[in-house]
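Asks: Can you read through this structure? Questions will come right after.
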Amino acid sequence: MMEPTQQDASKLSANNLSIKQIAIAISDLPKAVNFYHKILNIPLAFEVPPNLAFLELGDIRLMLTTLQGSERDHQTSVIYYHTTNIEQYFEQLSTLSVTIERLPAFAAKMPDHDLWIGFIRDPDDNLIGIMEEKQPVTPVAQS
Numbered sequence: 318m319m320e321p322t323q324q325d326a327s328k329l330s331a332n333n334l335s336i337k338q339i340a341i342a343i344s345d346l347p348k349a350v351n352f353y354h355k356i357l358n359i360p361l362a363f364e365v366p367p368n369l370a371f372l373e374l375g376d377i378r379l380m381l382t383t384l385q386g387s388e389r390d391h392q393t394s395v396i397y398y399h400t401t402n403i404e405q406y407f408e409q410l411s412t413l414s415v416t417i418e419r420l421p422a423f424a425a426k427m428p429d430h431d432l433w434i435g436f437i438r439d440p441d442d443n444l445i446g447i448m449e450e451k452q453p454v455t456p457v458a459q460s
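Just so we're aligned, residue 318 is where the sequence shown starts under my numbering, counting upward by one.
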């Protein structure tokens, strides 16, 4: 694997990455929601039973999720980084010898945006989520 140069890395700086969502692996959704929402008093945004619940912690969303996919993906929490153009970002990452686990794809329809997520791996094989909250495309009315 080629080491990226500073010039290569500078291509990514315009994406202004920030942390937006953290997935926490759980085994029992009702128990986890009870703990995080009722005991820790983190506001519950919504649940998607039987596997998911979302809580809002300031500007960061906590996603409680039962194990999905490979167990190795749940040895640590998955941190989701937000970008403003996920397709372009993945194109740039692919030129830097980054291991792409899953290309960006539509994940969920939210009230005010469409959630798109893709996954990469770091050098230690940790799974990292890259996400974009896209504005829904409104069909143009024909006259």
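Glycine included, C-beta positions come from ideal geometry on N, C-alpha and C.
What residues in its chain sit with their C-beta under 7 Å from that of K451, if we drop five residues either side in the sequence?
Replies: H430, D431 and W433
Asks: Compute the Euclidean distance between the alpha carbons of N351 and V454, then round it to the nearest angstrom.
Replies: If you draw a straight line from the Cα of N351 to the Cα of V454, it is about 36 Å long.
Asks: Between which two residues does the beta strand (DSSP E) containing Y397 stretch?
Replies: V395 to H399
Asks: Identify which residue in R419, E320, F423 and L361 has its Cα closest to the Cα of R438.
Replies: R419
Asks: Counting Cβ pairs closer than 8 Å, one from the stretch 394 to 408 and one from the stretch 338 to 346, do we hit at least three?
Replies: yes
Asks: Identify the residues that DSSP records as bridge partners of M448: which are they?
Replies: H399 and I434
Asks: Comparing alpha-carbon positions, which option in S387, P428 and F407 lies nearest M448?
Replies: F407
Asks: Let me know if T400 comes out buried or exposed under the rule of 16 or more other beta-carbons within 10 Å of its beta-carbon.
Replies: Taking all protein chains in view, the Cβ of T400 is crowded by 16 or more other Cβ atoms within 10 Å, so the residue is classified as buried.
Asks: Hey, how far is the Cα of G446 from the Cα of S411?
Replies: 15 Å
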